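Undergrad:
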Amino acid sequence: MLRHKPKIRLLHPTSDGTPPPTAVNAEIARDDGSSVAIEATEERLKASKNMSTPSLSQMLEHKTRENGQLRLELRRLRKRSL
C-alpha cells in the first residue's frame, strides 16, 4: 500500500533559532525520518498538537515492543563482532 508522504517546504531561518529544513531534511522526511528542523515545521507542529496522548498501557506496550527490537538488534550486532 502506497502512502502519500508530505512535501517538506524549505523555509528561511525562524526567529526562534530553529534551523530551516534543508534538502537533506526533505530526504529524511520522505523516508519517515525526523530531525529538529523537520519537527519545527508548521505542518509537524500542528500535527503534534492534534495528536491524542496514548494511555499508560499503550505507552508501556510500545516501549516493551521497542525494547525487544533493540535487544534483537544488539544480539545481532554482538554476533557479527565475534
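Numbering-wise (my numbering), the sequence shown opens with residue 1251 and increments by one. Where a beta carbon is used, it is the ideal one built from N, C-alpha and C, also for glycine. The structure presented is a predicted model; accordingly, all values stated were derived computationally and were not measured.
Go ahead and label asparagine 1317 buried or exposed: buried means 16 or more other beta carbons lie within 10 angstroms of its beta carbon, across all protein chains shown.
TA: Against the sequence shown, residue 1317 aligns to sequence position 67. That one is exposed.
Undergrad: Helix, strand or coil for alanine 1276 per DSSP?
TA: In the sequence shown, counting from the first residue as 1, residue 1276 sits at position 26. Here alanine 1276 sits in helix by DSSP.
Undergrad: In the DSSP assignment, find the unbroken alpha helix (DSSP H) run with glycine 1318 in it and report its ends.
TA: Counting from one through the sequence shown, the residue named residue 1318 turns up at place 68. Where glycine 1318 is concerned, the enclosing alpha helix (DSSP H) stretches over 1306-1331.
Undergrad: Quick one: is threonine 1314 buried, meaning 16 or more other Cβ sit within 10 Å of its Cβ, or exposed?
TA: The sequence position of residue 1314 within the sequence shown is 64, counting from 1. So threonine 1314 counts as exposed.
Undergrad: By how many angstroms is the C-alpha of leucine 1322 removed from the C-alpha of leucine 1332?
TA: As a working note, residue 1332 is residue 82 in the sequence shown. As a working note, residue 1322 is residue 72 in the sequence shown. Cα-Cα distance, rounded: 16 Å.
Undergrad: What does the alpha-carbon distance come out to for the pair arginine 1330 and glutamate 1292?
TA: The residue labelled residue 1330 in the question sits at position 80 within the sequence shown. The residue labelled residue 1292 in the question sits at position 42 within the sequence shown. About 42 Å.
Undergrad: Please classify serine 1298: does DSSP put it in a helix, a strand, or coil?
TA: Indexing the sequence shown from 1 puts residue 1298 at position 48. Three-state result, serine 1298: helix.
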